[in-house]
Structure formats: structure tokens, C-alpha cells
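First the structure, in the form of C-alpha cells, and then the observations on it.
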Amino acid sequence: MASTIITSSSSIPFFNSSTRLNYHPLSLSPLTNSFKVLSSYQPPQHSHLHNQHKGKSFSLKQCAISIALAVGLITGVPTFGCPIDADAASPVLPDLSVLISGPPIKDPGALLRYALPIDNKAIREVQKPLEDITDSLKIAGLKALDSVERNARQASRTLKQGKTLIVSGLAESKKEHGVELLNKLEAGLEELELIVQDRNRNAVAPKQRELLQYVGGVEEDMVDGFPYEVPVEYQNMPLLKGRAAVDMKVKIKDNPNLEECVFHIVLDGYNAPVTAGNFVDLVERHFYDGMEIQRADGFVVQTGDPEGPAEGFIDPSTEKTRTIPLELMAEGEKTPVYEATLEELGLYKAQTKLPFNAFGTMAMAREEFENNSGSSQVFWLLKESELTPSNANILDGRYSVFGYVTENEDYLADLKVGDVIESIEVVSGLDNLVNPSYKIAG
């Protein structure tokens, strides 16, 4: 029997089917069936973004919401969760930006790069043609290399022209490391051009991954410290102020070709410091070690519901369930929004996204109709509805996305209910965790 070691990282809010919650007959999706009853929801009113977007016209937006609600009922995608018994004097439909179009980003590495809090056009212009190599390789045979060659030349030319601007964007404390990565990137691009000249198609993808790792490293070296203050009400919680990575080792029970998988997960504290910090703290407590996969239905893979009556992590120092807020980074914003979905705020585009019809996201569970009710449950999204508009995933902006699977993520689909998480271990970035509660006695 073969034993395969694999790495991967991705996740989405996760719920256990045995959770004792009330259902509403219209909550058809596997996720909303785990939420509190719809009518109990009271939308928060405190966000500055909410007030900023209150007065927008509803006409086209209402139409978009109606379509999305219909899709949710037909396909099982979570609906927007408006209160069923809302006062007739107040609008039932949330303000929602018009659905966007265009090709969705499916690559977890690209999602992580674009989620960094930087604004350096020069490095992004190097990044884009390198990412486009993925599409170039979809062309059959050696014809793909002509397109790859154009991508490589464009990236190389852009790097040479913009290197000064890229270096000027590096944080002073990280400049030496960033320049070293840029030199490796420059040399690697020359190697890629030689690979193309030798018509060695098989060597292109590994070289592309290497070059994009250099790009991502340079971009991380542009972040100078943690870019904002977490709201005071959450400042004493475990916070991940930066990024970290964990390896999740899963024992596979019933797959003769796959006995053990190690999923490598990159956690993004820049966009969700409270959610990612809570997860890292639980990992250091070995909370997930020995826990089974509790749901695997082709839509999501879920875990994190402890045995017994508790629906989350019971902090031994308080003997109460530790809960965390919904935490979302809207595209174009500098700080996360707390305790409100983006649709409630009249926004749509999330900075960190649940990938469309692809693996790659780790998101903390949020029982949709009760604030601050996330705790320990997490899920990985495997598939989105075919009816969801391109690049308009209606799950975006409803769950705290705090990480992505970065290697061999396809193996998530092989996980089954009952497979055991042998261990989750932090392999980098633990020094970015502040207020670690796992160090407190008891």
C-alpha cells in the first residue's frame, strides 16, 4: 500500500452536522443549514462603512440580489440571510454593489500576493505576465512556448525598467533581503528564456513557481511592520500580525493510494489578524490534533467542532467558549470590517476571497445570524456553483478568509468524514503571534 506525503493549504468556515441549531425551511444550503434561525438575525449598525453606503439606490442591486437568492435556493449556495420578520418600514434587502465580471483568480499563491497591503505598481507589472504563463501553458504542445516566451520577455523587460521603483518600495529593515530576491528573480528570468529556447515545455511550470515565489518574497519585504491598529475590543485576543504557515497531517482511512497527507497552509494575518491569531493559538494548544474530518461532501471539507455539547473551543482560563467576530477586508480598504457582511455594508468585493470553483481558502466559521459567534470551526471550499457569475462568488464577503492551501490542494477532495487530523504544526511565523493565550497556565 503506497504512502504519499502531500502538502496543501486552504480552508473555509466549517460546521458539524450534529450541531444542535434551529433550521429555517428556506435555508437549503449545507452551510446555512448550520446557522441560527434566520429571523433571529439583527444586522449591526455601528460600522462607518455601513453609514457611508446607506443612501445608495437599490434598483439594479435589488435585481442582482434576487438572482443570487434564486441561485442559492436552486443550488444550495448560502443565501443573503435577510431577516424574515423584518419591520416593513426598514429595507429588507441589503445594499449591494453590482456583481463584477471577468476571469476569477483561482491560484492560492496569486490570491496571497494580491492580498498583501502594498501599493507598488512596478512589482505588480512583473508579477502579472509570470502568472499569465499558467494560461499560456493551456495551449497544446510546443506552441505554448511562443506565448510563454512573450510572457518571460515582458516580465524581464518590466523588471529592468522598474527595478529602481521596486527597490524604493522595500521596507528599510528588509531591503537587503529584498534586493537579494530581486537578483535571483532577474537570473531566474534569464534561465526561463533559455528553457523556452531549448523548447523544454516540462521545465516551464517549475521555473514559473520558483520565480513567483521570489516575487511574493519581494512583495512581503515591502510591508513595513503591521499596517494598522486592531480595534480596542479585540486587542487583547491572540492576534497574528503578519503571516504564518502550518502543516496539517491527515491520516487517510479508506484510500489504498493515499495513506497520509500533509497540507501546507499559509495563514494571512494582514487581512484577518483576529481570526488567524485565534487559529494559530488553537494549533499551539494542539486543539485539532486527533480530531476527525467532520464533513466532506464535495462542496466543503470541515472540522473543528469538539466532542461534547460545546460548539467551539472552551478556554480553560475562563471555562467559557472563546468566540471571535466576523472579520472581513473589503477591496480598497486599509483595515478590516468587523461584525458585518460586506453586503450589509453596501460593498461586494472582498480583498481576501473564497476561490471560485477551486481549492485554496481557509475561512473561520461564522454562524451567520449571530455576531461574534465564530470559534474553532473551519472549512475548505472545494467547489462553487456553476451558476455563480464569473468572478462574483456570493460567498465572498460573508466568511473570514484567513489562509490558503498552497501546494497539492487537489488532495483535499480525497478527504472523507472520519479521516483523522494527526497533527497541525506551525512551521513558520509563530513570532508574529501576539497575546498567545496558550502560554497561560491552565
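Numbering follows the working numbering, in which position 403 of the sequence shown is assigned residue number 474; successive positions increment by one, without gaps. All residues carry an ideal CB built from backbone N, CA and C; glycine is no exception.
When the options are compared against residue i, the one with the closest alpha-carbon
| i | options | result |
| --- | --- | --- |
| Lys312 | Glu281, Asn326, His335, Asp352 | Asp352 |
| Val509 | Phe297, Arg356, Phe334, Ile210 | It should be pointed out that residue 509 corresponds to Tyr in this sequence rather than to Val. Among Phe297, Arg356, Phe334, Ile210, the Cα nearest to that of Tyr509 belongs to Arg356. |
| Ile194 | Arg224, Gly180, Leu241, Met319 | Leu241 |
| Leu399 | Lys391, Thr392, Val408 | Val408 |
| Arg469 | Gln422, Arg280, Glu496, Asn326 | Gln422 |
| Lys405 | Asn342, Glu290, His248, Pro507 | Asn342 |
| Val317 | Tyr475, Val505, Gly489 | Tyr475 |
| Ala347 | Ile176, Gly180, Leu501, Tyr185 | Leu501 |
| Leu416 | Gly212, Arg366, Glu402 | Glu402 |
| Tyr482 | Glu281, Val321, Asp203 | Val321 |
| Tyr285 | Gln306, Arg221, Gly249, Asn307 | Gly249 |
| Gly383 | Ser447, Leu466, Leu425 | Ser447 |
| Gly287 | Trp451, Met308, Leu252, Pro298 | Leu252 |
| Phe526 | Ile364, Thr235, Asp490, Val491 | In the structure as shown, the chain begins at 72 and stops at 513. Residue 526 is therefore absent and cannot be evaluated. |
| Lys245 | Gly296, Glu257, Arg224 | Gly296 |
| Tyr305 | Lys255, Ile237, Asn349 | Asn349 |
| Leu418 | Val337, Arg393, Leu466 | Leu466 |
| Pro179 | Gly379, Asn222, Leu283 | Leu283 |
| Val491 | Arg366, Lys234, Asn506, Val505 | Arg366 |
| Val371 | Leu329, Glu480, Tyr299 | Glu480 |
| Lys177 | Val238, Asn222, Leu425, Thr412 | Leu425 |
| Gly489 | Thr412, Ser471, Gly375 | Gly375 |
| Arg280 | Lys234, Asn307, Ile204 | Ile204 |
Helix, strand or coil at residue i according to DSSP, with G and I counted as helix
| i | result |
| --- | --- |
| Ser218 | helix |
| Arg224 | helix |
| Gly249 | helix |
| Asp368 | coil |
| Asp485 | helix |
| Ser508 | helix |
| Arg314 | strand |
| Ser499 | strand |
| Ser105 | For Ser105, the predicted structure reports a pLDDT of 28, less than 50, and the residue's modelled location is therefore unreliable. The matter cannot be settled from this model. |
| Leu144 | Confidence at Leu144 is low in this model, with a pLDDT of 38, below 50, so the placement of that residue should be treated as unreliable; the coordinate-derived value is given next. Here Leu144 sits in helix by DSSP. |
| Gly152 | Because the pLDDT of Gly152 is 35, which lies under 50, any placement of that residue in the model is unreliable, and the number read from its coordinates should be weighed accordingly. If DSSP states are grouped into helix, strand and coil, Gly152 belongs with coil. |
| Ser471 | strand |
| Ser239 | helix |
| Ala401 | strand |
| Leu256 | helix |
| Ser244 | helix |
| Thr394 | coil |
| Gly180 | helix |
| Ile204 | helix |
| Leu452 | strand |
| Gly288 | helix |
| Val275 | helix |
| Glu478 | coil |
| Tyr299 | coil |
| Gly212 | helix |
| Val408 | strand |
Spatial neighbours of residue i in its chain, beta-carbon cut-off 8 Å, leaving aside the 5 residues before and after
| i | result |
| --- | --- |
| Lys278 | Gly259, Glu262, Leu263, Ile266 |
| Leu208 | Ala215, Val219, Arg272, Val275, Ala276 |
| Val354 | Val317, Ile495, Glu496, Val497 |
| Ile189 | Gly240, Glu290, Met293, Val294 |
| Leu493 | The sequence given here has Glu at residue 493, not Leu. Closer than 8 Å at Cβ, skipping near neighbours: Lys320, Val321, Lys322, Glu331, Asp360, Gly361. |
| Asn503 | Leu311, Lys312, Gly313, Arg314, Ala315, Gly340 |
| Arg224 | Glu264 |
| Glu243 | Asp295 |
| Lys391 | Ile385 |
| Val238 | Lys246, Gly249, Val250, Leu253 |
| Ala381 | Thr392 |
Same chain, Cβ closer than 7 Å to residue i, five either side skipped, listed in chain order
| i | result |
| --- | --- |
| Ala226 | Val197, Pro200, Leu201, Leu260 |
| Asp325 | Lys487 |
| Ser216 | A small correction: the amino acid at residue 216 is Leu; Ser does not occupy that position in the sequence shown. Once the five neighbours on either side are set aside, the close Cβ partners of Leu216 are Val267, Arg270, Arg272. |
| Lys231 | none |
| Pro344 | Val301, Leu310, Leu311, Lys312 |
| Asp339 | Leu183, Ala186, Arg314, Ala347, Thr423, Phe473, Gly474 |
| Phe358 | Phe384, Ser447 |
| Lys255 | Tyr285 |
| Ile511 | Ser388 |
| Ile210 | Ser218 |
| Thr394 | Gly383, Asn443, Ser444, Gly445, Ser446 |
| Tyr299 | Lys405, Thr406 |
Beta-carbon contacts of residue i that lie in its chain and below 6 Å, excluding the five residues immediately before and after
| i | result |
| --- | --- |
| Ala181 | Glu202 |
| Leu236 | Ala193 |
| Ser89 | Low confidence applies to Ser89: its pLDDT is 29, below 50, so where it sits in the model is not reliable, and the reading given next is rough at best. Correct list: empty, nothing qualifies. |
Segments assigned beta strand (DSSP E), at least 3 residues, entirely inside the region 318 to 380
Runs of the beta strand (DSSP E) inside the region 318 to 380: 331 to 339, 371 to 374.
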